[in-house]
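Accompanying notes for the structure given below.
Numbering (full-length UniProt numbering), first residue to last: 1 to 749.
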């Protein structure tokens with residue numbers, strides 16, 4: 001057998017397979033999906049659309065693409081592509097598959113995610129994000145370079161995935177790519193819906209090979225699930241057998257608080273326990289930081305007794321462990337070896353767009369039953385495990401069966417522009433699996449018209465064509481395109497890159513170190529400029545309390561955006577350093593893209609917001625451009641830059657500037673009736689007395705809405721009580737009965 005292995009040649013490279021290949025091959029054959037290899041390939045040969053329904057951990061994400069390659073579908077210049085909802089998953093899977101195929105990553109197997117491409121002319125199997133695949137379809141309507149397209153994690157129903165499903169259905173209906181095969185991979189959750197959507201499709205259901213799982217529910221409501229999770233981690237480390245731990249929380253702030261508490265716990269326990277590595281995992285982190293979750297747990301530092309009949313005999317507390325504290329990103333696709341314990345808080349953060357208010361909110365909501373199953377399943381992918389649910393069976397019984405599709409709760413402006421580029425004209429008649437409300441579509445079209453991306457007939461303008469070239473939201477894309485007019489495109493490139501990669505905490509730390517009196521955008525520009533002047537030195541970053549990984553990611557994003565500007569012949573220039581208008585030039589470019597996100601001083605009793613305590617502004621401004629909206633103990637606008645009153649009267653192709661001009665001058669900040677991205681966060685201390693104003697009692701949120709969004713002492717009580725049947729639907733209509741808010745809208749009209 002050893003001689004056979006030594007002489008067997010890898011057809012992809014022409015070299016003998018390595019010993020590692022044969023070792024990994026044996027592992028592959030033990031995966032549940034392997035038993036159905038022949039059945040799957042037979043279905044693929046006879047059908048244009050094949051649906052593979054299997055639970056996470058069955059091996060479908062790594063094995064199905066290899067089955068397709070091994071069957072010879074990647075010939076005559078054609079490729080096989082596998083689309084994932086998340087960039088971390090796409091890059092991680094490509095690395096794993098490259099190892100299993102015994103090839104070099106970036107050659108026969110590669111990946112492509114936003115602002116990063118690791119593939120080449122020899123690539124026959126490519127993993128990418130669904131968003132990248134959608135952009136490829138915009139420029140190659142027939143996807144001529146692909147023979148088989150695999151859409152993975154379809155049950156997550158991301159916005160890009162739903163649009164791709166409609167695109168492929170339309171493509172197959174036209175019979176213009178009868179040779180193209182589509183494989184849809186999902187859990188059982190969406191099986192019937194997918195079968196009904198793609199008539200005549202074939203279903204392959206590998207039998208799961210699941211390890212035993214014990215699920216433990218909390219009997220009483222948990223007031224603070226972060227503290228409760230830390231307590232359970234402590235119990236596992238001290239008294240449970242070997243195995244790594246994953247904790248599911250809702251967002252970055254909870255992750256940081258939980259990690260800090262666990263690390264403090266580890267210090268307090270001292271040498272009574274073995275080494276423990278705590279790792280946070282969030283989608284906003286640079287990929288290099290996310291990859292840490294795949295590293296093995298630290299080895300035990302003390303000599304341990306050898307296993308007897310495969311059973312570990314040493315005390316559990318001496319074992320080396322890894323504790324991953326994650327958002328929902330780790331629910332599926334990511335198979336992290338060694339996880340035996342899962343701790344589920346029962347909540348997640350979802351973006352919900354309110355078309356009436358033109359506001360996108362990031363809300364903490366109960367997870368679906370399907371999500372709860374996925375979180376529990378993380379504990380039994382490699383061995384038997386335990387799942388600790390920090391909620392009761394009654395609580396779970398009230399939750400929705402499935403997650404709400406993103407297309408029903410998202411701002412569709414960017415997607416509408418993509419659909420226009422794909423050739424879909426009548427958007428209201430587009431055959432989507434779950435069509436969004438007509439009002440949401442029309443509002444998105446109106447936004448694109450305000451930005452100048454669509455003309456009065458709804459056709460894509462020359463400006464819209466340019467905007468669609470950038471993998472950014474339409475407002476940021478327009479800001480970049482307009483920046484050469486103000487001779488500050490180099491500076492706007494840097495600001496756009498920083499805004500694209502910075503999470504809240506990193507942005508606040510960076511601004512605090514390099515404050516600029518005119519606002520936060522210029523402070524972020526200062527950070528990036530200082531980073532480049534210091535050649536990205538790690539010691540310098542550490543001394544300034546700035547993440548080198550984040551700034552490296554920003555530098556990469558900037559380089560990619562620069563290439564797009566070069567391709568579009570957009571001039572890259574900077575203001576004269578001696579010019580007194582340098583900050584005005586940058587401010588005008590910001591306003592050219594974000595004129596729908598402007599606040600001004602006003603004396604009305606509605607839509608009142610405060611400047612966020614972390615702002616760098618040194619004086620009370622009359623007008624500000626803001627990047628996002630924060631729900632906390634007060635309503636805040638965050639990442640702001642001031643601009644003079646006379647700019648407000650200039651036309652930026654938007655009626656909103658006229659609306660805000662109607663409001664009288666006063667000592668309150670007014671948020672105009674359009675455009676905001678809202679985040680729900682914990683209590684914030686207001687440290688800038690000169691910039692804070694009292695929030696009026698009748699604001700955008702009603703008392704019903706406050707129950708949905710509270711994150712302090714009354715956290716989630718209303719949701720636990722069962723009075724909210726559909727939390728996403730309720731969130732979409734938050735504040736609809738606010739009399740003063742409605743009056744402001746009517747007055748503006």
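Don't be surprised by glycine CBs; every beta carbon is placed ideally from N, CA and C.
Run of the alpha helix (DSSP H) containing residue 526, from where it starts to where it stops:
On the chain shown, residue 526 is found 526 positions in, with the first residue counted as 1. That run of the alpha helix (DSSP H) goes 520-533.
Below 9 Å between beta carbons: does that hold for residue 98 and residue 80?
The residue labelled residue 98 in the question sits at position 98 within the chain shown. The residue labelled residue 80 in the question sits at position 80 within the chain shown. Not in contact: residue 98 and residue 80 (Cβ atoms no closer than 9 Å).
How close, in whole Å, do the beta carbons of residue 391 and residue 346 come, if the pair is a contact with beta carbons under 8 Å?
Here residue 391 refers to the residue found at position 391 when the chain shown is read from its first residue. Here residue 346 refers to the residue found at position 346 when the chain shown is read from its first residue. Right, the Cβ-Cβ distance comes to about 4 Å (below 8 Å), so this counts as a contact.
Which same chain residues end up closer than 6 Å to residue 384 when comparing Cβ atoms and leaving out the 5 residues on each side of it in sequence?
Taking the chain shown and counting its residues from 1, the one referred to as residue 384 is at position 384. Sequence-distant partners of residue 384 (beyond 5 residues in either direction) whose C-beta falls short of 6 Å from its own C-beta, in its chain, are 211 and 212.
List the endpoints of the continuous beta strand (DSSP E) containing residue 52.
In the chain shown, residue 52 corresponds to position 52, counting from 1. Where residue 52 is concerned, the enclosing beta strand (DSSP E) stretches over 49-53.
Count the other CB atoms within 10 Å of the CB of residue 216; is the residue buried (16 or more) or exposed (fewer)?
The sequence position of residue 216 within the chain shown is 216, counting from 1. So residue 216 counts as exposed.
Should residue 498 be labelled buried (16 or more other beta-carbon atoms within 10 Å of its own) or exposed?
For the purposes of this step, residue 498 is taken as the residue at position 498 of the chain shown. So residue 498 ends up on the buried side.
Continuous alpha helix (DSSP H) stretch holding residue 96: start and end
Position 96 of the chain shown holds residue 96. Start and end: 87-100.
In this structure, how does DSSP classify residue 22 when only helix, strand and coil are distinguished?
Along the chain shown, one-based indexing puts residue 22 at 22. Helix.
Sequence-distant residues of the same chain with beta carbon closer than 8 Å to residue 371, five excluded per side
Taking the first residue of the chain shown as 1, we reach residue 371 at position 371. So the list reads 328, 331, 348 and 403, once near-sequence residues are dropped.
Shortest alpha-carbon distance to residue 419 belongs to which of 165, 373 and 538?
Looking up residue 419 in the chain shown gives position 419. Comparing Cα-Cα distances from residue 419 to each of 165, 373 and 538, the minimum goes to 165.
Under 9 Å, do residue 197 and residue 100 count as touching if we go by C-beta distance?
The sequence position of residue 197 within the chain shown is 197, counting from 1. The sequence position of residue 100 within the chain shown is 100, counting from 1. The answer is no: Cβ separation not under 9 Å.
Report all residues from its chain with a CB closer than 6 Å to the CB of residue 694; omit the five preceding and five following residues, and keep chain order.
By one-based count along the chain shown, residue 694 stands at place 694. Confidence in residue 694 is poor, its pLDDT being 25 and thus under 50, which makes the residue's placement too unreliable to answer from.
Pair within 9 Å by beta-carbon distance, residue 286 and residue 320:
The residue given as residue 286 occupies position 286 in the chain shown. The residue given as residue 320 occupies position 320 in the chain shown. No; because the gap between Cβ atoms is not below 9 Å, this pair is not in contact.
DSSP on residue 657, reduced to helix/strand/coil?
Within the chain shown, the letter at position 657 stands for residue 657. Unreliable positioning characterises residue 657 in this predicted model, as indicated by a pLDDT of 30, which lies under 50. The coordinate reading is nonetheless provided below. Three-state DSSP puts residue 657 in a helix.
Have a look at residue 290 and residue 457 and give me their C-alpha separation to the nearest angstrom.
Taking the first residue of the chain shown as position 1, residue 290 is located at position 290. Taking the first residue of the chain shown as position 1, residue 457 is located at position 457. The alpha-carbon of residue 290 is positioned some 44 Å away from that of residue 457.
Integer-rounded CB distance, given that residue 387 should sit under 8 Å from residue 523
Position 523 of the chain shown holds residue 523. Position 387 of the chain shown holds residue 387. Contact doesn't hold; Cβ gap of about 44 Å is too wide.
Cβ separation of residue 64 and residue 33, assumed to be a contact under 8 Å, to the nearest whole Å:
Working through the chain shown from its first residue, we reach residue 64 at position 64. Working through the chain shown from its first residue, we reach residue 33 at position 33. Confirmed, about 7 Å.
Just the C-alpha distance for residue 620 and residue 486, rounded to the nearest angstrom, thanks.
Within the chain shown, the letter at position 620 stands for residue 620. Within the chain shown, the letter at position 486 stands for residue 486. Rounded to whole angstroms, residue 620 to residue 486 spans 26 Å at the Cα level.
Let me confirm a value: residue 399 is counted as buried when at least 16 other C-beta atoms fall within 10 Å, else exposed. Which label applies?
Walking along the chain shown from the start, residue 399 turns up at place 399. Counting the other Cβ atoms within 10 Å of the Cβ of residue 399 gives 16 or more, which makes it buried.
Output yes or no for whether 9 Å exceeds the beta carbon distance between residue 49 and residue 200.
For the purposes of this step, residue 49 is identified with residue 49 of the chain shown, where counting begins at 1. For the purposes of this step, residue 200 is identified with residue 200 of the chain shown, where counting begins at 1. Their beta carbons are under 9 Å apart, which means residue 49 touches residue 200 by this criterion.
With DSSP as the reference, label residue 202 as helix, strand or coil.
What you label residue 202 is simply residue 202 of the chain shown in a count that begins at 1. Here residue 202 sits in strand by DSSP.
Under a three-way DSSP split, which group does residue 464 fall into?
To locate residue 464, count along the chain shown from 1; it is residue 464. Of the three classes helix, strand and coil, the one that applies to residue 464 here is helix, per DSSP.
DSSP state of residue 73 mapped onto helix, strand, coil:
Here residue 73 refers to the residue found at position 73 of the chain shown. Of the three classes helix, strand and coil, the one that applies to residue 73 here is coil, per DSSP.
Uninterrupted alpha helix (DSSP H) stretches inside the stretch 238-322 (no shorter than 4 residues)
252-269 and 287-290
When you compare the CB positions of residue 88 and residue 334, do they come within less than 9 Å of one another, or not?
Indexing the chain shown from 1 puts residue 88 at position 88. Indexing the chain shown from 1 puts residue 334 at position 334. In this structure, residue 334 lies closer than 9 Å to residue 88 by Cβ.
DSSP-derived helix/strand/coil call for residue 489:
Locating residue 489 in the chain shown gives position 489, counting from the first residue. The three-state reading of DSSP puts residue 489 in helix, counting H, G and I together.
Would you call the stretch 148-168 and the stretch 118-125 touching, i.e. three or more CB-CB distances under 8 Å?
Cβ pair count under 8 Å is below three, so no.
Looking at the structure shown, is residue 153 part of a helix, part of a strand, or coil, going by DSSP?
Counting from 1 along the chain shown, the entry for residue 153 is found at position 153. Residue state, collapsed to three classes: coil.
Buried or exposed: where does residue 535 fall if 16 or more other Cβ atoms within 10 Å of its Cβ makes it buried?
Numbered from its first residue, the chain shown carries residue 535 at position 535. So residue 535 ends up on the exposed side.
Three or more beta-carbon pairs under 8 Å between the stretch 524-534 and the stretch 448-464, yes or no?
Judged by Cβ distances under 8 Å, the stretch 524-534 makes no contact with the stretch 448-464, as fewer than three pairs qualify.
Which word fits residue 482, buried or exposed, when buried means at least 16 other C-beta atoms lie within 10 angstroms of its C-beta?
The sequence position of residue 482 within the chain shown is 482, counting from 1. Answer is buried; the Cβ neighbour count reaches 16.
Take residue 186 and list the residues in its own chain whose beta-carbon comes closer than 8 Å to its own, dropping the five residues that flank it on each side.
Taking the chain shown and counting its residues from 1, the one referred to as residue 186 is at position 186. For residue 186, where only same-chain residues beyond five positions count, the Cβ hits under 8 Å are 51, 52, 53, 153, 154, 155 and 194.
I think residue 138 touches residue 421, with their Cβ atoms under 8 Å apart; what is that distance to the nearest whole Å?
For the purposes of this step, residue 138 is taken as residue 138 along the chain shown, with counting starting at 1. For the purposes of this step, residue 421 is taken as residue 421 along the chain shown, with counting starting at 1. Yes, residue 138 and residue 421 are in contact; Cβ-Cβ is about 4 Å, under 8 Å.
Check for me: the alpha helix (DSSP H) holding residue 448 runs from which residue to which?
Locating residue 448 in the chain shown gives position 448, counting from the first residue. 438-451 is the span of the alpha helix (DSSP H), which, as asked, contains residue 448.
Between the Cα of residue 172 and the Cα atoms of 555, 47 and 545, which residue gives the shortest distance?
Start at 1 with the first residue of the chain shown, and residue 172 comes out as number 172. The option with the nearest alpha carbon to residue 172 is 47.
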